[in-house]
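S.K.: I have a structure here, written as structure tokens, and I will follow up with some questions on it.
Numbering (the working numbering), first residue to last: 1 to 122.
Have a look at this one:
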């Protein structure tokens, strides 16, 4: 997770949000978004690049919002109401995704959103 975070934070077009997003709050940015806190149900994050949540993601998230199919969503607890990457949309069924105890990443593979345990490329 450190490698992904370092890459995102060293990008010129990354914003760092140092708070929990509550219901009704919205973040929209053309680049990467890094959140040090949770994204609660009813909150929304829209990014042109990657979204990294150093906490629980339980709201709505849209990475790659402007056509970037290589964008990813990574969180310590990935359980969003709705997850979008580029033009692909998925929803995790209620109660079917318990906290895995380690970070997870969502990405596009073969025109499908897949969720897997985060693995460093090192």
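In this text, a Cβ means the ideal position worked out from N, Cα and C, and glycines have one as well.
1) Excluding five sequence neighbours on each side, which residues of the same chain lie with their C-beta closer than 6 Å to the C-beta of residue 13?
2) Which same chain residues, not among the five before or five after residue 84, have their C-beta less than 6 Å away from its C-beta?
3) Helix, strand or coil: which one does DSSP assign to residue 66?
4) Quick one: what does DSSP say residue 91 is sitting in, helix, strand or coil?
5) Checking 9 Å against the spacing of the C-beta atoms, do residue 44 and residue 60 come in under that value?
M.R.: In short, the structure shows the following:
1) So the qualifying residues of the chain are 31.
2) 62
3) coil
4) coil
5) yes
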